[in-house]
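Colleague: In this note's numbering, the protein residues as written are 949 to 1186. One structure coming up, written as structure tokens, with questions to follow.
Set out below in structure tokens:
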């Protein structure tokens, strides 16, 4: 079953517990098992192409992380060895980084901005906070679409954005950043005008319709809660 089919509240709770577990793992075997389970979930979902595509782009980051943690782990505030080369530490920290990245990509792919706003609203969080977060996420999505459109337009005109050294590339991207900034301001003005025409006010709390949790939702939440409690006891008590 794809994680995307679960209730939004279940997905939010799952990812909160999963991120907490990612920082509580102390053994490389724990990270491998949890990462493998997460990869299986992702591979069975319809968003697997997007997730693994972005993960492939970040492959050089994991290689650099492994090298740094293997040879320079003594300079880290998290190091536990006396220094020198430590392949086990490098592998553990790289796998933990991989796990965090997979969780982040899965969260973005499985939880839509609308679901996030609905779930947070059902948790009785301040409406202003929920509305601001939802509006920010929607604006980020709009900016991303505008960036792609402007970049493709400039490229079709013969502008080579990725040619030359770093300073040259930065100057080339001015022709993308400036129009993007103007379009962002225009979109913000349109949004403000639309809200004013509809007499929108943050003082009037909106109610979002959200269904009841199913049995599988409760099973996932309880299982993750029990797992988190076990690792909290393992890390802080034993």
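Even glycine gets a Cβ: it sits at the ideal position worked out from N, Cα and C.
For residue 1035 versus residue 1018, is the C-beta distance shorter than 7 Å?
Modeller: In this structure, residue 1018 lies closer than 7 Å to residue 1035 by Cβ.
Colleague: Where does residue 956 fall in DSSP's three states?
Modeller: The answer is helix: DSSP assigns residue 956 an H, G or I state.
Colleague: Could you say if the segment 1065-1077 and the segment 1003-1013 meet the contact criterion of at least three C-beta pairs nearer than 8 Å?
Modeller: The segment 1065-1077, when compared against the segment 1003-1013, does not touch it at the 8 Å Cβ threshold.
Colleague: Could you check whether residue 976 and residue 1040 sit closer than 7 Å to each other, using their CB atoms as the reference points?
Modeller: It is a contact, given that the beta carbons lie within the stated cut-off.
Colleague: Considering only residues of the same chain and omitting the five flanking positions on each side of residue 973, which have a CB-CB separation below 6 Å?
Modeller: 979.
Colleague: Using the beta-carbon count (16 or more within 10 Å), is residue 1093 buried or exposed?
Modeller: Result: exposed.
Colleague: Residue 1103 to residue 1115, Cα distance in whole Å?
Modeller: Near 19 Å, if we compare the C-alpha coordinates of residue 1115 and residue 1103.
Colleague: Distance check for residue 999 and residue 1108, CA to CA, integer angstroms please.
Modeller: Answer to the nearest angstrom: the Cα atoms are 28 Å apart.
Colleague: In terms of residue numbering, what span does the alpha helix (DSSP H) encompassing residue 1105 cover?
Modeller: No alpha helix (DSSP H) holds residue 1105; DSSP gives it neither H nor E.
Colleague: Rounded to the nearest angstrom, what separates residue 1087 and residue 1133 at their Cα positions?
Modeller: Cα-Cα distance, rounded: 11 Å.
Colleague: Is residue 1143 buried or exposed, if buried means 16 or more other CB atoms sit within 10 Å of its CB?
Modeller: Burial call: exposed.
Colleague: Comparing C-alpha positions only, which one of 1053, 1048, 1033 sits nearest to residue 990?
Modeller: Ranking the options by Cα distance to residue 990, first place goes to 1053.
Colleague: Can you tell me whether residue 993 is buried or exposed, with buried defined as 16 or more other CB within 10 angstroms of its CB?
Modeller: Answer is buried; the Cβ neighbour count reaches 16.
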